[in-house]
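What follows is a set of notes on a single structure, which appears directly below.
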Amino acid sequence: IPVESFDLVIFGGTGDLARRKILPALFRRFCAGQMDQQSRIIGAARSEHDSAEFRDFVAQAIGEFNTGHSYTQEELSGFVERIDYVQIDALGTDGWEELARLTSSERTRAFYFSVAPALFGALAERLHKYGLSDDATRIVVEKPFGRDEASARALNAVLAEHFEESQIYRIDHYLGKETVQNLMAVRFGNMLFEPLWNAQYVDHIQITVAETVGVGGRGEYYDKSGAMRDMVQNHLMQLLCLIAMEPPAKFDHDAVRDEKLKVIRALDIPSVEDIVRGQYAATEDGEPSYLQDVNDPASTTESFIAMKVRISNWRWAGTPIYLRTGKKLKARTSEIAVVFKETPHSIFGPESGRHRNILTIRLQPNEGMDLGVTIKEPGPGGMRLVDVPLDMTFADALGPDADDVPDAYERLIMDVIRGNQTLFMRGDEVEAAWAWADPIIEAWEKNGVKPVPYDAYSTGPEDALMLMHRDGRRWREIK
Ligand code: BG6
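Add 5 to a position in the sequence shown, counting from 1, and you land on the number used in the UniProt record's numbering.
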């Protein structure tokens with residue numbers, strides 16, 4: 006779908022996010038023909054560069070991070086020609102007039118705040134002061150959006166001084182993942198699932214986001230956050246909302262976000278026994294432990310968390326949702342599994358075993374879904390039952406276009422230009438998610454609850470397995 010002409014300014018244009026995600030995503034959209042002749046990208050940061058140097062930086066970033074997508078040198082040079090750089094002082098006056106000169110109100114102007122949240126206010130104010138914004142201007146902000154409810158409220162207030170809610174695009178890149186959007190298509194585009202999507206038929210739901218990477222060079226940021234703030238309050242919460250929400254009346258920004266908000270507000274605060282926190286240990290061959298990575302032997306920040314949450318509403322009362330995420334786990338796997346109840350009575354007798362349908366939604370890798378169904382084992386051996394997956398791997402369904410599953414950022418940045426906020430978080434949603442997370446974190450702090458160590462590249466602490474076993478359930482394998 007073509008989009009209108011735009012100017013996209015990336016504050017923090019030389020930063021890591023720009024290099025790894027934003028610029029490669031824009032390049033792919035350029036190659037797909039979504040950036041017309043007039044559109045421009047402007048990197049803005051405090052370091053001294055000219056546009057030629059910044060273009061080299063962009064070309065390098067694309068060489069390094071644009072994996073799985075082949076392109077020609079011509080495409081690359083066509084793209085970098087659309088790029089400029091402005092050295093800017095976010096807290097002062099330098100660079101702002103030049104930035105104003107490079108952008109035009111005749112095009113959609115979007116400003117990506119890929120900088121520390123402490124600068125949001127100064128940037129918003131200057132965009133106004135230097136005539137860079139009008140009612141059609143959009144700003145994009147990244148997580149972390151605050152570190153608790155109070156700071157999120159303060160950030161919202163600062164942005165609200167200069168921008169309407171309809172101009173603010175709070176990114177949670179999980180919402181841009183192809184499978185996450187597909188989740189809504191599956192739920193609300195099929196008759197098959199929705200009637201069964203409730204506590205009467207669903208035994209429990211598991212959401213796992215497992216990573217193999219450690220905290221690496223991000224120790225300083227991460228140790229102040231931990232898995233709860235870094236992943237659960239945002240990414241896992243968003244997945245939970247989409248899985249659990251009521252059908253919105255239409256697929257539009259406020260209808261969807263209203264429903265998500267209701268889920269967050271219906272979440273109980275899990276008790277201490279329903280949460281397991283862990284920190285990865287050193288490996289035998291010398292990979293550092295979490296504590297070594299963050300350079301603080303006394304850190305009580307978690308690199309793993311598993312929890313059982315309950316949604317207190319009519320649809321979900323009695324169906325727990327288990328969340329689990331962590332660093333340095335056995336495999337990089339993210340999936341949601343909706344585990345249905347067993348049939349009320351087996352006509353095949355006890356020897357046919359226990360079976361249940363599981364709908365698995367795989368976010369990564371190998372994006373797709375499968376639905377486990379019970380069938381008769383083929384052959385003459387009598388009525389033996391087996392579970393087989395009805396598999397819909399996107400790569401198979403898409404055939405030769407499989408490479409074209411767009412990265413989350415491609416989708417989200419183009420939605421900003423189109424003015425579509427459906428896949429972005431609204432201010433009240435973020436505040437509500439913090440209002441849920443805050444008392445949990447406070448309870449750990451108050452009671453001095455320490456994370457337990459777990460083996461690197463394992464499935465996490467034993468206690469996390471127990472969290473399920475004691476309910477007569479088990480986690481799906483991380484593989
Ligand atoms: C980020 C977190 O938001 O998401 C990181 O800050 C995490 O700690 C990353 O590694 C995971 O994203 P993805 O898309 O690789 O699953």
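Virtual Cβ for every residue (Gly too), placed ideally from N, Cα, C.
Beta carbon of S119: closer than 7 Å to some heavy atom of the ligand BG6? The sequence position of residue 119 within the sequence shown is 114, counting from 1. No.
Selected residue, minimal CA-CA separation from R361, among Q369, S351, R367: Reading the sequence shown from its first residue, position 356 is the one you call residue 361. Considering only alpha carbons, the answer is S351.
May I ask which residues mark the beginning and end of the beta strand (DSSP E) holding A127? Looking up residue 127 in the sequence shown gives position 122. Here A127 belongs to no beta strand (DSSP E); instead the alpha helix (DSSP H) covers 125-134.
Just how far apart, CA to CA, sit E80 and S56? Along the sequence shown, read from residue 1 onward, the residue named residue 80 stands at position 75. Along the sequence shown, read from residue 1 onward, the residue named residue 56 stands at position 51. In a straight line, the C-alpha of E80 is about 18 Å away from that of S56.
Check whether the stretch 263-275 touches the stretch 195-202, counting contact only when three or more Cβ pairs, one atom from each stretch, lie closer than 8 Å. no
Using a threshold of 7 Å, is the CB atom of K148 nearer than that to any non-hydrogen atom of the ligand BG6? For this step, residue 148 is matched to residue 143 along the sequence shown. Result yes, Cβ under 7 Å from the ligand BG6.
Reference A159; option with closest CA among P122, A141, P383: Within the sequence shown, the letter at position 154 stands for residue 159. Selected option, being the one with the closest Cα: P122.
With distances taken Cα to Cα, identify the nearest neighbour of A311 among D443, G331, S138. Taking the first residue of the sequence shown as position 1, residue 311 is located at position 306. The shortest C-alpha separation from A311 is found at G331.
To the nearest whole angstrom, what separates the beta carbons of T98 and I47, a pair I think is in contact under 8 Å? On the sequence shown, position 93 is the one that residue 98 refers to. On the sequence shown, position 42 is the one that residue 47 refers to. About 18 Å; that fails the 8 Å criterion.
Proximity winner among F309, K333, V343, relative to W321 (alpha-carbon distances): Against the sequence shown, residue 321 aligns to sequence position 316. Here the closest residue by C-alpha is V343.
K357 to E347, Cα distance in whole Å? Against the sequence shown, residue 357 aligns to sequence position 352. Against the sequence shown, residue 347 aligns to sequence position 342. Note that residue 357 corresponds to Ser in the displayed sequence, not to Lys. Roughly 13 Å between the two C-alpha positions.
F116: buried (16+ other C-beta within 10 angstroms of its C-beta) or exposed? Walking along the sequence shown from the start, residue 116 turns up at place 111. Burial call: buried.
Could you check the C-alpha separation between Y414 and E372 for me, to the nearest Å? Here residue 414 is taken as the residue at index 409 of the sequence shown, counted from 1. Here residue 372 is taken as the residue at index 367 of the sequence shown, counted from 1. Using only the alpha carbons, I get a separation of about 16 Å.
Roughly how many angstroms lie between the CA atoms of G194 and I248, to the nearest whole one? Taking the first residue of the sequence shown as 1, we reach residue 194 at position 189. Taking the first residue of the sequence shown as 1, we reach residue 248 at position 243. If I take the Cα positions, the gap works out to 14 Å.
Taking only three categories from DSSP, how would you classify P122? Locating residue 122 in the sequence shown gives position 117, where the first residue counts as 1. It is helical.
Give me the Cα-Cα distance between T142 and R114, rounded to the nearest whole angstrom. For the purposes of this step, residue 142 is taken as the residue at position 137 of the sequence shown. For the purposes of this step, residue 114 is taken as the residue at position 109 of the sequence shown. Answer to the nearest angstrom: the Cα atoms are 5 Å apart.
Looking at the ligand HEM, does it come within less than 7 Å of D235, judged from the CB to the closest heavy atom? Looking for the ligand HEM in the displayed structure turns up nothing; the ligands present are the ligand BG6.
Using the C-alpha atoms, what's the distance from P355 back to L180? The residue given as residue 180 occupies position 175 in the sequence shown. The residue given as residue 355 occupies position 350 in the sequence shown. Each residue's Cα considered, the two are about 43 Å apart.
Going straight from the alpha carbon of A440 to that of D153, what length do you get? As a position in the sequence shown, residue 440 is number 435, starting the count at 1. As a position in the sequence shown, residue 153 is number 148, starting the count at 1. Taking the straight line joining both Cα atoms gives about 7 Å.
Starting from the C-beta of S216, find all residues in its chain whose C-beta is less than 6 Å away, skip the five residues before and the five after it, and write them out in chain order. Residue numbering aside, residue 216 sits at position 211 when the sequence shown is read from its first letter. A small fix is needed here, since residue 216 is Glu in this sequence, not Ser. Here the set comprises K332, R337.
Looking only at DSSP bridge pairs, what is D433 linked to? Within the sequence shown, residue 433 is the residue found at index 428, counting from 1. Note: D433 sits in no beta bridge, so no partner.
Name the residue from S294, W480, C36 whose alpha carbon lies nearest to the alpha carbon of A461. Here residue 461 refers to the residue found at position 456 of the sequence shown. Selected option, being the one with the closest Cα: S294.
Nearest to V410 by CA position, among A23, R25, R33, D21, is which residue? Reading the sequence shown from its first residue, position 405 is the one you call residue 410. Measuring from the Cα of V410, the nearest candidate turns out to be R33.
Start and end residues, alpha helix (DSSP H) containing P29: Counting from one through the sequence shown, the residue named residue 29 turns up at place 24. Looking at the DSSP string, the run of the alpha helix (DSSP H) that includes P29 is 28-36.
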